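Scroll down for the structure; my scribbles are underneath it.
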Amino acid sequence: ANTLFAVVAGFAIFSVVGNIAYTDGEEVAEVASRGGQGLAFIVIASAMPTFKQAGNAMSVMFFFMLFTLGLDSAFAWSETLTATVEDVMKERGFKKKPSWLVSLVVCTLNMLIGIPYSTTQGNRILDVVDNYVGINFLLYLCFLESIVFIFDFGYQRLERALKKATDGKRSLWPKYQCYFDFYFAIPVFCLGLFIYQIYYNITDGYLPDYPRIEIAGWVLLAACLLLTGFGMWRCGGEGKLAQQSARAHETGTMTRSRSSSSSNDDIELIARNESHRELTQEG
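Oh and the sequence shown: position 280 is 280 in the numbering used here, straight run, nothing missing.
Written as structure tokens, this is what we have:
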């Protein structure tokens with residue numbers, strides 16, 4: 001359904017872009033290059049008068065759709081951040097705070113972070129952040145996730161998890177294509193695209209006319225990479241993940257020891273009962 005919706009939306013968008021290019025006497029490629037937020041708030045908005053009498057109704061429905069999409073994303077981010085903050089506070093031993101208070105603080109901080117996007121350069125700032133964090137860093141994360149999948153989670157566990165989640169109604173098929181995607185295509189292409197993006201941004205620059213904004217994008221990308229490396233370092237070696245695995249192994253060993261001792265006790269009790277029964281019969 002998602003793929004079909006994307007194909008239908010592509011026909012609708014490019015028909016509007018083609019009409020704008022024809023009306024303004026521009027090339028389609030030039031109009032289509034105004035992607036991202038420019039496509040939603042500038043190109044599509046300028047196409048609304050082509051609906052003539054229905055232009056006002058189409059404008060209201062289109063921008064109400066964008067508003068609901070923004071609310072949906074805001075809810076998802078807020079819930080994720082709120083749950084993370086509450087888990088960290090619980091882990092650090094802080095006193096439990098009401099969920100509404102944690103949500104208020106998180107939403108307030110998000111609002112303050114979003115203020116620069118409301119300035120006169122906000123559109124360019126958003127474009128740079130989307131390029132360096134939303135594209136470059138996301139490609140790097142996808143590569144790391146594929147490596148974790150290959151060397152830790154594994155194909156068999158994924159297949160079992162999928163069957164468990166769907167009551168055995170779904171499986172990975174065709175298997176050879178899934179193996180190719182998970183073990184070759186995803187890690188190779190994600191890493192290749194990440195290297196290409198970095199090379200392109202270094203040689204040509206993303207916004208060469210606005211060096212300060214571009215430097216901010218590089219700083220954000222470096223911060224994300226450093227935080228990822230720090231998290232991997234914490235989860236490896238003497239980190240928390242290793243300690244949790246050791247505790248889980250120790251707990252499993254103790255459980256097996258208890259089970260073994262319990263089984264021995266049961267065997268000994270059965271043997272005593274049998275001996276008592278034999279003595280009773282002899283008597």
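All C-beta atoms in this analysis are idealised placements derived from N, C-alpha and C, irrespective of residue type, glycine included.
For clarity, every value in this text was computed on a predicted model and none was experimentally measured.
Cβ pair asparagine 136, leucine 221 closer than 7 Å
Indexing the sequence shown from 1 puts residue 136 at position 136. Indexing the sequence shown from 1 puts residue 221 at position 221. Yes, the Cβ-Cβ distance between asparagine 136 and leucine 221 is below 7 Å.
Helix, strand or coil for glutamine 37 per DSSP?
Working through the sequence shown from its first residue, we reach residue 37 at position 37. Helix at glutamine 37.
Mark serine 146 as exposed unless 16 or more other C-beta atoms lie within 10 angstroms of its C-beta, in which case mark it buried.
Numbered from its first residue, the sequence shown carries residue 146 at position 146. Its Cβ being crowded by 16 or more others within 10 Å, serine 146 is buried.
Work out the CA separation of isoleucine 115 and alanine 29 for me, nearest whole Å.
Sequence index remark: in the sequence shown, residue 29 carries index 29 (1-based). Sequence index remark: in the sequence shown, residue 115 carries index 115 (1-based). Going by the C-alpha atoms only, they are around 32 Å apart.
With threonine 84 and serine 103 assumed to form a contact (beta carbons below 8 Å), what rounded beta-carbon distance in angstroms separates them?
Residue mapping note: residue 84 aligns to position 84 of the sequence shown, counting from 1. Residue mapping note: residue 103 aligns to position 103 of the sequence shown, counting from 1. Going by Cβ atoms, the distance from threonine 84 to serine 103 rounds to 12 Å, so no, they are not a contact pair.
CA-to-CA distance, tyrosine 155 to serine 73, given in whole angstroms
By one-based count along the sequence shown, residue 73 stands at place 73. By one-based count along the sequence shown, residue 155 stands at place 155. One C-alpha to the other measures close to 31 Å.
Would you identify the three-state DSSP class for leucine 81, choosing helix, strand or coil?
Working through the sequence shown from its first residue, we reach residue 81 at position 81. In the structure shown, leucine 81 sits in a helix (DSSP, three-state: H, G or I).
Please report the distance separating the alpha-carbon of leucine 225 from that of isoleucine 113.
The sequence position of residue 225 within the sequence shown is 225, counting from 1. The sequence position of residue 113 within the sequence shown is 113, counting from 1. Answer to the nearest angstrom: the Cα atoms are 20 Å apart.
Beta carbon of isoleucine 213, beta carbon of isoleucine 125: below 7 Å?
By 1-based counting over the sequence shown, the position of residue 213 is 213. By 1-based counting over the sequence shown, the position of residue 125 is 125. At the C-beta level, isoleucine 213 and isoleucine 125 come within 7 Å of one another.
So is tyrosine 22 buried or exposed if we call it buried at 16+ other beta carbons inside 10 Å?
Your numbering for residue 22 matches position 22 in the sequence shown. With fewer than 16 other Cβ atoms within 10 Å, it is exposed.
Looking only at its chain, what residues have a beta carbon closer than 6 Å to the beta carbon of leucine 139, apart from the 5 residues adjacent to it on each side?
Walking along the sequence shown from the start, residue 139 turns up at place 139. Around leucine 139: Cys190, Leu193 and Phe194.
Going along the chain, which residues of its own chain have a beta-carbon closer than 6 Å to the beta-carbon of isoleucine 186, five neighbours each way excluded?
Indexing the sequence shown from 1 puts residue 186 at position 186. The residues are Ser146.
Kindly indicate which three-state DSSP category leucine 104 falls into: helix, strand or coil?
Locating residue 104 in the sequence shown gives position 104, where the first residue counts as 1. DSSP places leucine 104 in helix when its eight states are reduced to three.
If you reduce the DSSP assignment to three classes, tell me which class glutamate 27 lands in.
Position 27 of the sequence shown, counted from the first residue, corresponds to residue 27. Residue state, collapsed to three classes: coil.
Give every residue of the same chain whose Cβ lies closer than 7 Å to the Cβ of tyrosine 183, excluding the five residues on either side of it in the sequence, and list them in chain order.
The residue labelled residue 183 in the question sits at position 183 within the sequence shown. Around tyrosine 183: Ile150.
Could you tell me which of Lys169, Val31 and Lys97 sits nearest to valine 16, measuring between CA atoms?
In the sequence shown, counting from the first residue as 1, residue 16 sits at position 16. Valine 16 has its Cα closest to that of Val31, out of Lys169, Val31 and Lys97.
Do you know how far the Cα of asparagine 131 is from the Cα of glycine 239?
Within the sequence shown, the letter at position 239 stands for residue 239. Within the sequence shown, the letter at position 131 stands for residue 131. Reliability of the predicted coordinates at glycine 239 is poor, the pLDDT of 45 falling under 50, and the value obtained from them is presented with this limitation in mind. Straight-line Cα distance between these residues: approximately 32 Å.
Buried versus exposed, by CB contacts within 10 Å (16 or more), valine 7
On the sequence shown, residue 7 is found 7 positions in, with the first residue counted as 1. Classification for valine 7: exposed.
Mind checking alanine 248: buried by the 16 CB within 10 Å criterion, or exposed?
Position 248 of the sequence shown, counted from the first residue, corresponds to residue 248. Confidence at alanine 248 is low in this model, with a pLDDT of 48, below 50, so its placement is unreliable and no value can be given for it.
Three-state secondary structure (DSSP) at leucine 172?
The residue labelled residue 172 in the question sits at position 172 within the sequence shown. Coil.
Buried or exposed: where does tyrosine 200 fall if 16 or more other Cβ atoms within 10 Å of its Cβ makes it buried?
Residue mapping note: residue 200 aligns to position 200 of the sequence shown, counting from 1. Tyrosine 200 sits exposed, since fewer than 16 C-beta atoms from the chains shown fall within 10 Å of its C-beta.
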